[in-house]
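Enquirer:
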Amino acid sequence: MKKVFLILSVCLLFAGLQAQNIKLPQPKKEGGESVLKAIDLRQSDRSFKDGDISLEDLSTILWAGWGESHGKRTAPTAMNAQDIVLYVFLESGIYRYDEKANELILVKQGDYRKLTDREGGFAGKVTNIAIVSDFEKYSRIKEHHTKFVFGSMSAAYVSENMYLACAGMGNNLGTVTRYGAHTEKQVKEVLPLSENEHIFLFQTIGYKK
Numbered sequence: 226m227k228k229v230f231l232i233l234s235v236c237l238l239f240a241g242l243q244a245q246n247i248k249l250p251q252p253k254k255e256g257g258e259s260v261l262k263a264i265d266l267r268q269s270d271r272s273f274k275d276g277d278i279s280l281e282d283l284s285t286i287l288w289a290g291w292g293e294s295h296g297k298r299t300a301p302t303a304m305n306a307q308d309i310v311l312y313v314f315l316e317s318g319i320y321r322y323d324e325k326a327n328e329l330i331l332v333k334q335g336d337y338r339k340l341t342d343r344e345g346g347f348a349g350k351v352t353n354i355a356i357v358s359d360f361e362k363y364s365r366i367k368e369h370h371t372k373f374v375f376g377s378m379s380a381a382y383v384s385e386n387m388y389l390a391c392a393g394m395g396n397n398l399g400t401v402t403r404y405g406a407h408t409e410k411q412v413k414e415v416l417p418l419s420e421n422e423h424i425f426l427f428q429t430i431g432y433k434k
């Protein structure tokens, strides 16, 4: 009985340790291909090996997409609203990217990657990043259509930065931007989105087969 209790205690302890925020390694800001070469190499991939990418690669890609550099963001936004929020779907859970602390903040424990794609799709077993725009940052704008256009622009800039990072870093990284394949209702049930936050894109990232 004591042995069983000990095993259960260890399992619970391990589970507790897993359900934590993740401090990311410092992103790599040097090396790799030139910007022009990365543009030349950029492409969409849809065939990946199962499994999340490394935290080292993830840190650099998140920084390229929506990090901070010299007091500014790595991607532009309309009116400098900085409306983007990134949610990272990993096997261990869903995390919000905290660019200031270079950390993944645990939102929900568990593997929800399959919700980002249709049943049997290629994206359910690799890393996925939800690119979300918070329309509250555009509160001075009254027209919903304009907010939608601005949010689309922001999401596109962030996505393209991630594309170029994957192409320029090498490491056999592949990526593709997707929209409409996720189970929107179920994703919204697991993401703590306000009524003003809207998912624009999913950036799927993995190691190419």
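Numbered according to the working numbering, the sequence shown spans residues 226 to 434. We put the beta carbon where it would ideally sit given N, CA and C, even for glycine. Treat the numbers as computed from the prediction; the structure is a model and nothing was measured.
At the level of alpha carbons, what is the spacing between N396 and Y432?
Expert: Each residue's Cα considered, the two are about 8 Å apart.
Enquirer: Apart from the five residues on each side of it in sequence, which residues of its chain come closer than 8 Å, Cβ to Cβ, to T299?
Expert: W288, A289, G290, W291, G292, E293, N386.
Enquirer: Should the region 364-378 be regarded as contacting the region 310-328, the criterion being three or more beta carbon pairs within less than 8 Å?
Expert: Short answer: they don't touch.
Enquirer: Keeping to the same chain, check which residues put their C-beta closer than 7 Å to that of Y388; ignore five residues upstream and five downstream.
Expert: Counting only Cβ-Cβ distances below 7 Å, and skipping sequence neighbours, we find R267, T400.
Enquirer: Where does N353 fall in DSSP's three states?
Expert: Strand at N353.
Enquirer: With respect to the beta strand (DSSP E) encompassing D282, which residues constitute its N-terminal and C-terminal limits?
Expert: Counting along the chain, D282 falls outside any beta strand (DSSP E), though it belongs to the alpha helix (DSSP H) covering 280-291.
Enquirer: Run the CB neighbour count on R365, radius 10 Å, all protein chains shown included, and call it buried at 16 or more, exposed below.
Expert: When all chains shown are included, R365 counts as exposed.
Enquirer: Could you check what DSSP says for Y312 in three-state terms: helix, strand or coil?
Expert: In the structure shown, Y312 sits in a strand (DSSP, three-state: E or B).
Enquirer: Figure out for me which residue from K333, V310, G256 has the closest Cα to the Cα of Q245.
Expert: Measuring from the Cα of Q245, the nearest candidate turns out to be K333.
Enquirer: Let's see if you can read the secondary structure: which residues bound the alpha helix (DSSP H) around K325?
Expert: Counting along the chain, K325 falls outside any alpha helix (DSSP H), and DSSP gives it neither H nor E.
Enquirer: Taking all protein chains shown into account, decide if N305 is buried (16 or more other Cβ within 10 angstroms of its Cβ) or exposed.
Expert: When all chains shown are included, N305 counts as exposed.
Enquirer: Taking its Cβ as the centre, do 16 or more other Cβ atoms sit within 10 Å of S379, making it buried, or is it exposed?
Expert: Label assigned to S379: buried.
Enquirer: K297 by DSSP, collapsed to three states: which one?
Expert: Three-state result, K297: strand.
Enquirer: On the CB-based measure, 16 or more other CB atoms within 10 Å of its CB, does V357 come out buried or exposed?
Expert: The residue is buried, with at least 16 neighbouring Cβ atoms inside 10 Å.
Enquirer: CA-CA distance, R271 and T352?
Expert: Cα to Cα, the separation comes out at about 13 Å.
Enquirer: Between which two residues does the beta strand (DSSP E) harbouring G399 extend?
Expert: Per DSSP, G399 belongs to the beta strand (DSSP E) from 398-403.
Enquirer: Are there 16 or more other CB atoms within 10 angstroms of the CB of E414, so buried, or fewer, so exposed?
Expert: Exposed is the call here.
Enquirer: So what's L331 in DSSP terms, helix, strand or just coil?
Expert: In this structure, L331 counts as strand in the three-state DSSP scheme.
Enquirer: Determine whether the beta carbon atoms of I354 and V313 lie at a separation below 9 Å.
Expert: Yes, Cβ-Cβ distance for I354 and V313 is below 9 Å.
Enquirer: Indicate the three-state DSSP secondary structure (helix, strand or coil) for Y388 in the structure shown.
Expert: If DSSP states are grouped into helix, strand and coil, Y388 belongs with the helices.
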